[in-house]
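S.K.:
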Amino acid sequence: MAAQIIDGRGLAGVVRQEVAARVEGLVARGVTPGLAVVLVGDDPASQVYVRSKERMAGKVGISAQTIRLPSDVQPEELLRQILALNEDSSVDGVLVQLPLPSQFSGGVEAEILGQISPEKDVDGLHPLNLGKLVAGEDGFVACTPSGCMRMLASTGVDLTGKRAVVIGRSTIVGKPMAHLLLAQNATVSICHSRTVDLADRVREADVVIAAVGRPELVRGDWIKPGAAVIDVGINRTEEGTLVGDVAFDEVTQAAGHVSPVPGGVGPMTIAYLLNNVSLAAARRSEREGR
Ligand code: NAD
């Protein structure tokens, strides 16, 4: 039987409604949630993502601004902008759109992202928030893994005792994803570019999260019958179409649930960004006693 498709677009609409309701309550108490996105350079994909974040923020009542910096901006200038946003009381969430240009390589990027105030770190990339995730404490969790967890929850699959394989070990997707699955009592393996026998590791999995960036890497005959498969990958083919890391047509023949690309994780990531901004504003409202 063909897999059930996890409708990320529809589910993102539900998350946005929840966020909009929280924002309405905050606005009634005089707190309008604010998001500041910093965009460096003119990478076309980043421009599309940033526009879509702005548009979706507006839809749920979050006030969004984008700070555009030239591609040759020096790290000191980006840092100056971040420190100013940390001090700006109308800004609850600060997000630096990745990837950054080459002058930020060699550890500079991580150093700069670490300067975002942990209370405004809606991307969940500050070491303090990463540490809280590992320690099982409340903090900000990266948006894409949060969206994936909600998608898994929507399938009704109980993760306790299930074998989960996360393919990809990035700080923004793979590693936080593994910790969220662990927190739900799954038995988690993280696979990566040096993993030997990737297909065999995936064949053991009841839950597969593919976050690699290799078009259709995960094949149908890798999938345990009935497994839940979440495709995080976004890859553009030579013809210009978007495909995920999962060979969708093959995998739907074996999986129990599978998320499509587009219309899967992408909209959920933005919905959870808005969720994090609304949570940051709710925490500000508590701190200010409003
Ligand atoms: P990344 O490049 O930082 O990490 C990729 C990971 O894949 C690495 O850990 C690497 O070890 C692993 N890898 C590479 N080749 C492999 C192979 N052949 N076999 C197994 N593992 C391999 O990327 P990222 O930022 O984690 O993003 C991963 C993908 O997810 C990309 O396609 C990206 O565009 C997409 N993405 C989508 C969303 C969304 O909202 N849908 C959000 C973030 C990232």
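In the working numbering, the protein residues as written are 1 to 290.
All residues carry an ideal CB built from backbone N, CA and C; glycine is no exception.
1) Classify aspartate 249 as helix, strand or coil using the three-state DSSP reduction.
2) Tell me whether asparagine 276 sits in a helix, a strand or coil according to DSSP, three-state version.
3) Using the Cβ count rule (16 or more neighbours within 10 Å means buried), how would you classify asparagine 185?
4) Going straight from the alpha carbon of lysine 111 to that of glycine 131, what length do you get?
5) Which class does aspartate 197 belong to by DSSP, given the choice of helix, strand or coil?
6) Under 9 Å, Cβ to Cβ, is there at least one residue of chain B near aspartate 121?
7) The beta strand (DSSP E) with alanine 164 in it runs from where to where?
8) Does the region 238 to 251 touch the region 271 to 285, meaning 3 or more C-beta pairs lie closer than 8 Å?
9) On the criterion of 16 or more Cβ atoms from any shown chain inside 10 Å, does glutamate 204 qualify as buried, or is it exposed?
10) Applying the criterion that 16 or more other CB atoms from any shown protein chain within 10 Å of the CB defines a buried residue, is methionine 151 buried or exposed?
11) Using the Cα positions of leucine 39 and leucine 78, report the straight-line distance between them to the nearest angstrom.
12) Going straight from the alpha carbon of glycine 244 to that of glycine 263, what length do you get?
13) Looking at the strands, I want to know which residues DSSP matches up with glutamine 115.
14) Which residues mark the beginning and the end of the alpha helix (DSSP H) in which glycine 58 is found?
15) To the nearest angstrom, how far is the alpha carbon of leucine 128 from that of leucine 95?
16) Just mark proline 99 as buried or exposed, buried being the case when its beta carbon has 16 or more other beta carbons within 10 Å.
17) Starting from the C-beta of glycine 139, find all residues in its chain whose C-beta is less than 6 Å away, skip the five residues before and the five after it, and write them out in chain order.
18) Nearest to threonine 66 by alpha carbon, out of Asp42, Asp72 and Pro75?
19) In three-state terms, what does DSSP make of arginine 68?
20) How is leucine 39 classed by DSSP in three states: helix, strand or coil?
21) Quick check on the burial criterion: 16 or more other C-beta atoms within 10 angstroms. Buried or exposed for alanine 227?
22) Starting from leucine 181, trace the alpha helix (DSSP H) in both directions and tell me its first and last residue.
23) Can you check which of these residues, Pro225, Thr187, Pro44 and Pro267, is closest to glycine 233 by C-alpha distance?
24) To the nearest whole angstrom, what separates the beta carbons of valine 265 and valine 258, a pair I think is in contact under 8 Å?
25) Please determine, among Asp72, Gln17, Leu35 and Val229, the residue with the shortest C-alpha to C-alpha distance to valine 261.
26) Rounded to a whole number of angstroms, what is the C-alpha to C-alpha distance between leucine 198 and cysteine 191?
27) Would DSSP call leucine 95 helix, strand or coil?
28) Since valine 166 and valine 188 are thought to touch, with beta carbons under 8 Å apart, how far apart are those beta carbons, to the nearest angstrom?
29) Compute the minimum distance between the beta carbon of valine 91 and the heavy atoms of ligand 1, and state whether it is under 8 Å.
M.R.: Taking the geometry as given:
1) Of the three classes helix, strand and coil, the one that applies to aspartate 249 here is helix, per DSSP.
2) Helix, per DSSP.
3) Exposed is the call here.
4) Correcting the residue type first, residue 111 is glutamate in the shown sequence and not lysine. Going from the Cα of glutamate 111 to the Cα of glycine 131 covers about 16 Å.
5) DSSP places aspartate 197 in coil when its eight states are reduced to three.
6) The question asks about chain B, but that chain is absent: this structure has only one protein chain.
7) Note, alanine 164: beta strand (DSSP E), 163 to 167.
8) Too few Cβ pairs lie closer than 8 Å, so no.
9) By the C-beta density criterion, glutamate 204 is exposed, having fewer than 16 other C-beta atoms within 10 angstroms.
10) Buried: at least 16 other Cβ atoms inside 10 Å.
11) Cα atoms of leucine 39 and leucine 78: separation of roughly 10 Å, rounded to the nearest angstrom.
12) Each residue's CA atom was taken as its position, placing glycine 244 and glycine 263 some 11 Å apart.
13) In the DSSP output, where bridge partners are listed per residue, glutamine 115 has none listed.
14) First-last of the alpha helix (DSSP H) with glycine 58: 44 to 59.
15) So the two alpha carbons sit approximately 16 Å from each other.
16) When all chains shown are included, proline 99 counts as exposed.
17) Within the same chain, and ignoring the five residues on either side of glycine 139 in sequence, the residues whose Cβ sits closer than 6 Å to its Cβ are Asn129 and Lys132.
18) Considering only alpha carbons, the answer is Asp42.
19) Looking at arginine 68 - three-state DSSP - the assignment turns out to be strand.
20) Of the three classes helix, strand and coil, the one that applies to leucine 39 here is strand, per DSSP.
21) Counting the other CB atoms within 10 Å of its CB gives alanine 227 a total of 16 or more, which places it among the buried residues.
22) Looking at the DSSP string, the run of the alpha helix (DSSP H) that includes leucine 181 is 174 to 183.
23) A check of alpha carbon separations from glycine 233 across Pro225, Thr187, Pro44 and Pro267 identifies Pro267 as the nearest.
24) Rounded, the Cβ-Cβ distance is 12 Å, inconsistent with contact.
25) When only C-alpha atoms are compared, the closest one is Val229.
26) Between the alpha carbons of leucine 198 and cysteine 191 lies a distance of about 7 Å.
27) In the structure shown, leucine 95 sits in a strand (DSSP, three-state: E or B).
28) Confirmed, about 7 Å.
29) Proximity of the beta carbon of valine 91 to ligand 1 is not indicated: no heavy atom of the ligand is located closer than 8 Å.
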